[in-house]
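Notes follow the structure.
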Amino acid sequence: MQFVGVLLDGIAYASLLFIISAGLSITMGLMQFANLAHGAFAMVGGYACVYCMNALGVPYLATLPLAFLIAGAFGLVLELALYRRLYEASHLTQVLFTVGVLNVSTASAVFLFGAGSQPIHLPSYLQGQISFFGATISTFRLFTVVLVVAMAMLLASIVRFTRFGAQLRCAVDNRRAAIGMGINVDRLMTIAFTFGSALAGLGGALGVQLLGLDPSFAFKYLVYFLLVVVVGGSGSFVGPLLAALIVGMLDTASRYYAPETGSFTLYLLMVALLVMFPNGLYGRAR
Amino acid sequence: MQFSSRAVVLLTAVLTAFTARADDLKIGLIAPFSGSETAGLEMDYGIKAFFKLHGDVVAGRKVVVINRDAPTPAPDVARRLAQELVTRDKVDVLAGHLFTPTAITAGQVSTQSKTPMLIMNAATSGILAKLPYTARASFTVAQTTAPLAWWAAKNGMKRIFSIVADYAPGIDSENTFQREFVGAGGAMAGSIRVPLDTIDFSSYIRRIQDSETGGVFAFLPAPDQAKNFIKTFRDAGLDKKGIKLLVEGGMLQPQITATLDDDAIGTISSQHYSEDHQSPENKAFVEAYKSVSGNRVPTYISVGAFDAMNMLYKAVEAQAGKLDPVKSVEIWRNMTFESPRGPVSFDPKTRDIVQNIYIRRLERKNGVLTNVEFETYRAVKDNGKQ
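Read top to bottom, the protein sequences are chains L and C.
Letter by letter, the first sequence follows residues 32 to 317 of the working numbering.
Letter by letter, the second sequence follows residues -18 to 367 of the working numbering.
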């Protein structure tokens, strides 16, 4: 019986999608900013991980926080230097700008690291498989799930219990009122953007093994990141989490049970969900 | 400062325009140079390696390569580039093509303008029939796949599961493998066509496990797919359960094997070229290639470019510096030569290449994962016939 195994594989895939897309959900919810270049920050994390491991000899586990920090730093610099100038611009301008960022990121990655797919050699304790409720799952997938669940719980408690979280929820719900109440939304945005980029970086580093890493990474997975945010509803973490689980598990299950349908099942369900919930599963009408 | 640097650029442009003289032999190369594809560079280095070994002057004409970027299989882009190369740059020969669609539309320009064309990769069967002035220095997927099926049947494999990328070359390889393997007495345990955007192979691996097959044939040439599939296969321990992994050689290019671990050792593949091929021609080629590319390892794409240059030189020499489309194709279809990949000839009817296909095992050699050839199927034709 492979059912449990397929389910676990789906959850592992979903965890990656969630951790990369979480930041995108916040920037879209907070500023209605369509950041199509979000995947570039995941790519930065991926390259940071691979470079630290292969060129500097940093052990794999230590590269994960490094990827988190480096991608966060990139996010911070780009937010302060470029992104914040375009929050008031039209959506078309934002899309053109972020597609430009995407292209620059691809070209930079080719220039710095070459066009090929990047190698990653996991430590032996993360390779192989373990049995789990009678099903087998690869050790690395389980590791990914555990790490992402921990991060998600951390995120949820920040949003739920801290002053920053309260400000964030307030600003997403009603930005004008938040400004009126004296909340510094610009600063909030910088922090959220940086943190979202850092999370994407962590996801990118984790994803090198399961998704692969080459200069077109940010383009290749753009559809999946957008799916998660749009179906989930921007502005929260719960929506994208739910959507990532649906996308991940359904994609994995349909490939196992009905491989001849290809990606058809997934996209059909996405269309159905968007027709039923135009603002996303967890989104509010605006 | 601003002005002077502009002046330099302008001067260089003017000088380049003048240095490209009328009697130069101009090659218009269409291949992916931007984006994440490395094929353009591999062809470029293959050509430079040829220059290094044989010089860049043939029959008194200096050879100039004009590179044009076609990063995706988009047919309209290739058509426009080919038109520009023929009408504006007045190239003597078109070349390149990683993808079949670009080869077809550029080939139409070659046909209309009677410009000879040399395909350096594009591996779909049958495309030469409609391109009268084109020859192909690479291979076809049917050609590299069939011997793998013969080998599997000969080595007592009874049931094989096939998994291929869902696009024309993938379907070519699936059909060829099934036809040849079933024809040799084997049975298919199942087959799956995987969408090109697939990243996670875990579900497919589970399906393969369920089928209780003795072996898997895979053709997933996109680097990420190749890497992810092989890693997931090994991670799930299918090889330890006695399931043998057979792949078309494109899945084990040097840039992909560099991303694999020791547990991939033992993977069997079939192809026309391995950088490890033992011959003086290949030794010279690998050395020249490394010296022009900053120590990279040549791929089957580089050897396609290298051999295309050889074909071009032979045609130009035989015509004393000219390159008549009809005569050139006549020369190419009757050519035989020793390539770095081994002996090469052409099928005079179809103009398609006839060559040895090698069965290789992935081994660690001098510290690097290498495809080591251990069995040869001689003079295999395009349609998978010997």
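C-beta: ideal position from N, C-alpha, C; glycine also.
For the stretch 203 to 222 of chain C, which residues have a beta carbon sitting closer than 7 Å to at least one beta carbon of chain L? Pro204, Asp205, Lys208, Asn209, Asp216, Ala217 and Gly218
C-beta neighbour in chain C for His122 of chain L, strict 9 Å: Closer than 9 Å: no.
So, for Met301 of chain L: in the same chain, excluding its five sequence neighbours on each side, which residues have a beta-carbon less than 7 Å away from its beta-carbon? Leu258 and Val262
Along the alpha helix (DSSP H) that carries Leu127 of chain L, what are the first and last residues, could you check? His122 to Phe144
On the criterion of 16 or more Cβ atoms from any shown chain inside 10 Å, does Gln368 of chain C qualify as buried, or is it exposed? This structure does not reach residue 368 of chain C, given that chain C is present from -18 up to 367, and the question cannot be answered.
Can Trp131 of chain C and Glu155 of chain C be called in contact, C-beta distance under 9 Å? For Trp131 of chain C and Glu155 of chain C, no; Cβs fall outside 9 Å.
Does the pairing of the stretch 183 to 201 of chain L with the stretch 195 to 205 of chain C give three or more beta-carbon distances under 8 Å? Too few Cβ pairs lie closer than 8 Å, so no.
Could you pull the DSSP bridge partners for Asp50 of chain C from this structure? C:Ala12
Using the Cα positions of Pro348 of chain C and Pro150 of chain L, report the straight-line distance between them to the nearest angstrom. Inspection of the sequence shows that residue 348 of chain C is occupied by Gly rather than by Pro. Each residue's Cα considered, the two are about 15 Å apart.
Of all the alpha helix (DSSP H) runs that stay within the bounds of the stretch 110 to 152 of chain C, which reach a length of 4 or more residues? DSSP runs (the alpha helix (DSSP H)) wholly in the stretch 110 to 152 of chain C: 122 to 135.
To the nearest angstrom, how far is it from the Cα of Glu18 of chain C to the Cα of Gly196 of chain L? About 43 Å.
How long is the line joining the alpha carbons of Val254 of chain L and Arg116 of chain L, rounded to whole angstroms? 25 Å
Can you say whether Glu193 of chain C is buried or exposed, counting buried as having 16 or more other CB atoms within 10 angstroms of its CB? exposed
Cα-Cα, which of C:Leu79, C:Pro150 and C:Lys225 is closest to Ser106 of chain C? With distances taken between Cα atoms, Ser106 of chain C lies closest to C:Pro150.
Which word fits Leu276 of chain L, buried or exposed, when buried means at least 16 other C-beta atoms lie within 10 angstroms of its C-beta? buried
Buried or exposed (CB count within 10 angstroms, at least 16 for buried), Ser162 of chain L: Classification for Ser162 of chain L: exposed.
Since Gly232 of chain L and Ala98 of chain L should fall inside the 8 Å C-beta cutoff, what is the C-beta to C-beta distance between them, to a whole number of angstroms? 5 Å
Please go through the same chain and pick out, in chain order, the residues whose beta-carbon is closer than 7 Å to the beta-carbon of Leu133 of chain L, but skip the five residues on each side of it. Leu67, Ala68, Ala71, Ala249 and Phe250
So with CB distances below 9 Å, who are the chain C contacts of Val37 of chain L? Contact of Val37 of chain L with chain C by beta-carbon distance below 9 Å involves Ser183, Ser184 and Arg187.
Given 8 Å, three or more beta-carbon pairs between the stretch 277 to 286 of chain C and the stretch 24 to 44 of chain C: yes
Between Ala236 of chain L and chain C, is any beta-carbon pair separated by less than 9 Å? no
So what does Pro324 of chain C bridge to, in DSSP terms? C:Glu319
When we look at the beta-carbon of Lys362 of chain C and count the other beta-carbons within 10 Å, is it buried (16 or more) or exposed? buried
Can you pull the chain L neighbours of Glu18 of chain C, defined as C-beta to C-beta under 7 Å? Ala146
Which of the three DSSP states is assigned to Leu87 of chain L in this structure? coil
Measure how close the beta-carbons of Ile47 of chain C and Leu66 of chain C come, nearest whole angstrom, since I'm counting them as under 8 Å. 6 Å
Examine chain L for any beta-carbon lying closer than 9 Å to the beta-carbon of Gln159 of chain C, and answer yes or no. Gln159 of chain C does not count as touching chain L.
Closest residue to Leu55 of chain L among L:Ala73, L:Ala43 and L:Tyr44 (Cα-Cα distance): L:Ala73
Please report how far the alpha carbon of Phe142 of chain L lies from the alpha carbon of Arg140 of chain C, in whole angstroms. So the two alpha carbons sit approximately 45 Å from each other.
Listed in chain order, which residues of the stretch 145 to 178 of chain L have Cβ atoms closer than 9 Å to some Cβ of chain A? Among the protein chains in the structure shown, which are L and C, there is no chain A.
Chain-ordered neighbours of Gln236 of chain C on chain L, where CB pairs are closer than 7 Å: Gly147 and Ser148
In angstroms, rounded to a whole number, what distance separates the CA positions of Cys83 of chain L and Leu107 of chain L? 21 Å
Using a beta-carbon distance cut-off of less than 8 Å, what residues from the stretch 299 to 333 of chain C approach chain L? Of all residues in the stretch 299 to 333 of chain C, none comes within less than 8 Å of chain L when Cβ atoms are compared.
Under 7 Å between beta-carbons, which chain C residues line up against Leu241 of chain L? List them in chain order, please. Asp181
Whole-angstrom distance between Ala30 of chain C and Lys330 of chain C, CA atom to CA atom: Whole-angstrom Cα-Cα distance: 31 Å.
Kindly list the residues whose CB is nearer than 8 Å to the CB of Met59 of chain L, restricted to its own chain and excluding five residues on each side of it in sequence; keep chain order. Excluding residues within five positions, the ones whose Cβ falls inside 8 Å are Ala65, Asn66, Val260, Ser265 and Gly266.
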